[in-house]
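Novice: Dropping the structure in here first, questions after.
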Amino acid sequence: MEQHGVAIGGKIYSLRVAKGMTQEQLAAILCVSPAAVSKWERNLANPGIEMLWALADYFECSIDELVGREEKHLGKLGIYDSEKIRLVEVAEELLACSEISRKQGLLALDERMKQYEGESKFLPFAIHFFLQSLMKRMDLDLIFELLENYVTTLASEEQREGYMITHILKRIASGENTEMLREIVASFVGVGYWKKLEDITRREQGKRTREEIIGKYQDKKLYSEKTALLERFEQVGDFEIQAILKNLDNETLTAALNGASGKIVVRFLKNLSDRLLYFVSEDVDNWNGTEEDIMKAQRRVLAVGGCFLVE
-2 MEQHGVAIGG
8 KIYSLRVAKG
18 MTQEQLAAIL
28 CVSPAAVSKW
38 ERNLANPGIE
48 MLWALADYFE
58 CSIDELVGRE
68 EKHLGKLGIY
78 DSEKIRLVEV
88 AEELLACSEI
98 SRKQGLLALD
108 ERMKQYEGES
118 KFLPFAIHFF
128 LQSLMKRMDL
138 DLIFELLENY
148 VTTLASEEQR
158 EGYMITHILK
168 RIASGENTEM
178 LREIVASFVG
188 VGYWKKLEDI
198 TRREQGKRTR
208 EEIIGKYQDK
218 KLYSEKTALL
228 ERFEQVGDFE
238 IQAILKNLDN
248 ETLTAALNGA
258 SGKIVVRFLK
268 NLSDRLLYFV
278 SEDVDNWNGT
288 EEDIMKAQRR
298 VLAVGGCFLV
308 E
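The numbering of the sequence shown is the numbering used here, which starts it at -2 and goes up by one.
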């Protein structure tokens, strides 16, 4: 199977070896024979649609990514999870809505949502439903009971976001003060996430674009001659880089990149989502380790991704 010139067999192989798995181990997890895995990787046979779903779930990627129809930036690395980062973004929007409602009234939120460009689909729906229900003189308790029912219909990874939106919106309707709302928000997203994102947003996001953040590393020099272990990854493809990233923690990546040249740093950072890029960039800039730490981290990257290097 090949999409846009990218054979699915190579992608299955890349994901498997990045996890340090044998064909036999992957076959056991998927309840197929090792011969079947071998045929997929050599493009002699194609996994069926149900097996594609199983592969995508196991390797934490979409089917589109697996068959090469879609290029995505990685949104999860170590402690940094794109779902939690998005939760913070939604929380920030809710706090902005709180300020608007206090100054202009609840109905002003309708205009705010017309300009909303965030990723949440439930937020604009919830606010529109809330306002329309108010116009119909529906009881507040019933409004939020119905919203909670809608939350249960969301995908599992979106339900926490839905419950937060419903809970905060209920507090906004009751006139809760901003400081209390911030405390409630922190209880949903975690204090560490909330504080770190506030710091990064204040110092970085409002000042620099994605291209500017990545661009500042282009002329970076090696930490020392000994820390050139990753330089051969310049020729490795994006899918392979993402397979490597999925199997690294953020501390290892941060230390490894601090020893690498600019071309390698850029190569890895380009494969991170926007929000994750801000987090990792902040860590790289504030890193304070030793040459020994760098070499240990780079050896770990080699252990994960060395199979992708062409001799």
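Glycine included, C-beta positions come from ideal geometry on N, C-alpha and C.
(1) Going by alpha carbons, who is nearest to TRP50 out of ILE291, LEU41, LEU27?
(2) Going by other Cβ atoms of all chains shown within 10 Å of its Cβ, with 16 needed for buried, is GLU149 buried or exposed?
(3) Taking the straight line between their C-alpha atoms, what separation do you get for SER258 and GLU231?
(4) Report all residues from its chain with a CB closer than 8 Å to the CB of MET39; omit the five preceding and five following residues, and keep chain order.
(5) Relative to the alpha-carbon of SER332, which residue among ARG99, LYS260, SER30 has its alpha-carbon at the smallest distance?
(6) Hey, quick one: how far does the alpha helix (DSSP H) through PRO255 stretch, first residue to last?
(7) Work out the CA separation of GLU21 and TRP37 for me, nearest whole Å.
(8) Pairing CB atoms from the segment 139 to 146 with CB atoms from the segment 106 to 114, are three or more of them under 8 Å?
(9) Could you pull out every unbroken alpha helix (DSSP H) segment of at least 4 residues lying fully inside the segment 76 to 155, listed in chain order?
(10) Around the Cβ of ASN268, are there at least 16 other Cβ atoms within 10 angstroms (buried) or fewer (exposed)?
(11) Please identify the residue among LEU250, MET161, TYR220 whose C-alpha is closest to the C-alpha of THR287.
(12) Let me check understanding here. Comparing Cα to Cα, which of PHE127, VAL29, ILE165 lies closest to LEU92?
(13) Rounded to whole angstroms, what's the CA-CA distance from LYS310 to THR251? Just pull it up for me.
(14) State the CB to CB distance for the pair MET161 and LEU84, rounded to an integer number of angstroms; the pair is presumed to be in contact (CB under 8 Å).
(15) Taking its Cβ as the centre, do 16 or more other Cβ atoms sit within 10 Å of GLY17, making it buried, or is it exposed?
(16) What does the Cβ neighbour count give for ALA300, buried or exposed, with the cut at 16 atoms within 10 Å?
(17) Could you please give the first and the last residue of the uninterrupted alpha helix (DSSP H) stretch that includes VAL186?
(18) Look up ARG39 in the DSSP assignment and say whether it is helix, strand or coil.
(19) Sort GLU173, ILE169, LEU120 by Cα distance to TYR147 and report the nearest one.
(20) So the alpha helix (DSSP H) ASP61 belongs to, where does it begin and stop?
Specialist: So, from the data block:
(1) LEU27
(2) Per the sequence shown, residue 149 should be read as Thr rather than Glu. It is exposed - the Cβ of THR149 has fewer than 16 other Cβ atoms within 10 Å.
(3) 10 Å
(4) The sequence shown places Arg at residue 39, rather than the Met named in the question. Contacts found: GLY6.
(5) Lying outside -2 to 308, the shown extent of the chain, residue 332 is not represented and no answer is given.
(6) Note that residue 255 corresponds to Asn in the displayed sequence, not to Pro. It spans 247 to 256 - the alpha helix (DSSP H) in which ASN255 sits, taken as one unbroken run.
(7) 13 Å
(8) no
(9) 79 to 101, 105 to 111, 119 to 132, 137 to 148
(10) buried
(11) TYR220
(12) ILE165
(13) Any question about residue 310 goes unanswered here, given that the chain covers just -2 to 308.
(14) 7 Å
(15) exposed
(16) exposed
(17) It spans 175 to 186 - the alpha helix (DSSP H) in which VAL186 sits, taken as one unbroken run.
(18) Assignment of ARG39 by DSSP, reduced to helix, strand and coil, places it in the coil class.
(19) Comparing Cα-Cα distances from TYR147 to each of GLU173, ILE169, LEU120, the minimum goes to LEU120.
(20) 60 to 63
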